[in-house]
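Student:
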Amino acid sequence: MIDIKFLRENPEVVRENIKKKFQDAKLPLVDEVIALDEERRKTQQEADDLRANKNKISKEIGALMAQGKKEEAEAKKAEVAANAKRLAELEAIEPEQIEKINSIMMKIPQIIDPSVPIGKDDSENVEIKKYGEPVVPDFEVPYHADILASLNGLDKDAAGRTSGNGFYYLMGDAARIHSAMISYARDFMIDKGFTYCIPPFMIRSAVVNGVMSFAEMEAMMYKIEGEDLYLIGTSEHSMIGKFKGELVEEAKLPITMTSYSPCFRKEVGSHGIEERGVYRVHQFEKQEMVVLCKPEESMDWYNKMWTYTVEFFRSLDIPVRTLECCSGDLADLKVKSCDVEAWSPRQQKYFEVGSCSTLGDAQARRLGIRTKGENGTYYVHTLNNTVLATPRGLIAFLENNVNADGSINIPEALRPYMGGKSVLK
């Protein structure tokens, strides 16, 4: 959420940013919020004047009573009563005005970084760099569901009976590889100096509204019926929510955490839940990284974080590339974002396995996460990045490590988590 003072002083900058995100329908919101903010400030000023006047008149009443000027004192008391009534009216209006302003401000997108390429949607995202040679083997790489089936490792029929479309059972070696990758991702980030955390898997609406836009929430999150709780779509939401309303010690910044969680997503408006495989599902597991830092450090952390994901996948012999998200593909709270995509030798193209984002102070402003330094109190910056989201990461692993005979190579990094095995047959 943008600072209201910034919007008030730089309306053209905000309008231009809205245009860059191809959200012209939101342009009237700028004038609307400016008008509401002016009303609110007038209300606040009148209320402040009445409070100051009350103290002044109270002293005058005391002086008049001491001088025996009872009638004049009573007139002043009547004035105080009238002022009190008006003050009560203003104090009732103020929260309503603030709520209206905040409601609109939450719809206005965050100011994007100048380096973000301008484009309407994900088709205009820009490739940054490839890492590793995207090999096409001299044999036909099976569909990932068939590789899993060869391990007796996937049962979507049973999951359909218990839970419906978009769910799955992983079993045997397939489940073991899945868990090995998650465990390795955890230790990989711990070795980078991040604190390991397992967060709550449900969060309240106040946290949801603080970490994402309403449109994202409606499309992604499952609501617990009859309770103010949502199943998390990513552990980042719960991890950022951990600091809601806190004044974090500046000396403790940056705060670097890596979190494990299951994730639950409706996938409304997506390309559809996959019938056979597990590329797009309602439930998956994820190792995430989250950083809270000073504003001047956020871009450095952004660049560190996505390189960690690249390094992780390369250690599993998976070629990847990074893709800069264009302005129209950025969620409203994001300042800058890039995707890490893994090579699919079966499809001979890349597909998304992770996303790294800096959100500036948008989430911190919504949730009231601040710190205090030499120059006063300010909002921290928040960043998040996927280390590993599986089974999508599992698909990349299987396709890039399967052999012509159906055996699967186990990279050295995973062997300690697979009982020392170097190959699955």
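Position one of the sequence shown corresponds to residue 9 (the numbering used here), numbered consecutively onward.
We put the beta carbon where it would ideally sit given N, CA and C, even for glycine.
This structure is a prediction, so every number in the text was calculated from the model and none was measured.
For the segment 96-177, which segments carrying the beta strand (DSSP E) assignment without a break, of at least 3 residues, lie completely within its bounds, in sequence order?
Tutor: 134-139
Student: With a 10 Å radius around its C-beta and 16 neighbouring C-beta atoms as the bar for buried, classify residue 21 as buried or exposed.
Tutor: Residue burial annotation: residue 21 is exposed, with fewer than 16 other C-beta atoms found within 10 angstroms of its C-beta.
Student: For residue 258 versus residue 368, is the C-beta distance shorter than 9 Å?
Tutor: For residue 258 and residue 368, no; Cβs fall outside 9 Å.
Student: Determine which residues share a DSSP beta bridge with residue 418 and list them.
Tutor: In DSSP, residue 418 forms no bridge with anything.
Student: Considering just the uninterrupted stretch of the beta strand (DSSP E) at residue 331, what are its terminal residues?
Tutor: 328-332
Student: Can you give, in chain order, each stretch of the alpha helix (DSSP H) that sits fully within the segment 334-389 and has at least 4 residues?
Tutor: 370-375
Student: With a 10 Å radius around its C-beta and 16 neighbouring C-beta atoms as the bar for buried, classify residue 206 as buried or exposed.
Tutor: exposed
Student: Could you say if the segment 108-127 and the segment 25-36 meet the contact criterion of at least three C-beta pairs nearer than 8 Å?
Tutor: yes
Student: Name, in chain order, the residues that DSSP records as bridge partners for residue 267.
Tutor: 205 and 296
Student: In the DSSP assignment, the alpha helix (DSSP H) including residue 406 goes from what residue to what residue?
Tutor: Start and end: 400-409.
Student: Quick check: residue 300 and residue 377, are their CB atoms within less than 9 Å of each other?
Tutor: yes
Student: Between residue 427 and residue 331, what straight-line distance do the alpha-carbon atoms span, to the nearest angstrom?
Tutor: 35 Å
Student: Tell me residue 291's beta-bridge partners as DSSP assigns them.
Tutor: 272
Student: Check whether the segment 404-418 touches the segment 242-262, taking contact to mean three or more Cβ pairs, one atom from each stretch, closer than 8 Å.
Tutor: no
Student: Tell me which residue opens and which closes the alpha helix (DSSP H) that residue 15 is part of.
Tutor: 12-17
Student: Distance, Cα to Cα, residue 160 vs residue 178?
Tutor: 9 Å
Student: Classify residue 79 as helix, strand or coil using the three-state DSSP reduction.
Tutor: In this structure, residue 79 counts as helix in the three-state DSSP scheme.
Student: Quick check: what's the CA-CA separation for residue 329 versus residue 133?
Tutor: 12 Å
Student: Residue 98: which of 402, 146 and 51 sits nearest, CA to CA?
Tutor: 51
Student: For a test of the three-state rule: what should DSSP assign to residue 394, helix, strand or coil?
Tutor: strand
Student: Hey, out of 190, 192, 189 and 156, whose CA is closest to residue 176's CA?
Tutor: 156
Student: What's the gap between the Cα of residue 385 and the Cα of residue 122?
Tutor: 26 Å
Student: Measuring only the C-alpha atoms, how far is residue 388 from residue 204?
Tutor: Rounded to whole angstroms, the gap between the alpha carbons of residue 388 and residue 204 is 21 Å.
Student: In angstroms with no decimal places, state the Cα-to-Cα distance between residue 193 and residue 185.
Tutor: 12 Å
Student: With distances taken from CA atoms, which of 362, 394 and 350 is nearest residue 406?
Tutor: 350
Student: Quick one: what's got a C-beta closer than 6 Å to residue 307's C-beta in the same chain, skipping five residues either side?
Tutor: none
Student: How big is the Cα-Cα spacing for residue 150 and residue 211?
Tutor: 39 Å
Student: Should the segment 85-97 be regarded as contacting the segment 30-46, the criterion being three or more beta carbon pairs within less than 8 Å?
Tutor: no
Student: Starting from the Cα of residue 224, find the closest Cα among 245, 43 and 47 and give me that residue.
Tutor: 245
Student: Under the DSSP definition of a beta bridge, which residues are partnered with residue 210?
Tutor: In the DSSP output, where bridge partners are listed per residue, residue 210 has 239.
Student: If you pair each beta-carbon of the segment 353-372 with each one of the segment 260-267, do three or more pairs fall below 8 Å?
Tutor: no
Student: Classify residue 22 as helix, strand or coil using the three-state DSSP reduction.
Tutor: In the structure shown, residue 22 sits in a helix (DSSP, three-state: H, G or I).
Student: What does DSSP give as the partner residues of residue 230 in its beta bridges?
Tutor: 239
Student: Roughly how many whole angstroms lie between the Cα atoms of residue 17 and residue 11?
Tutor: Whole-angstrom Cα-Cα distance: 10 Å.
Student: In whole angstroms, give me the CA-to-CA distance for residue 88 and residue 379.
Tutor: 41 Å
Student: Hey, could you find the ends of the alpha helix (DSSP H) residue 318 is sitting in?
Tutor: 306-322
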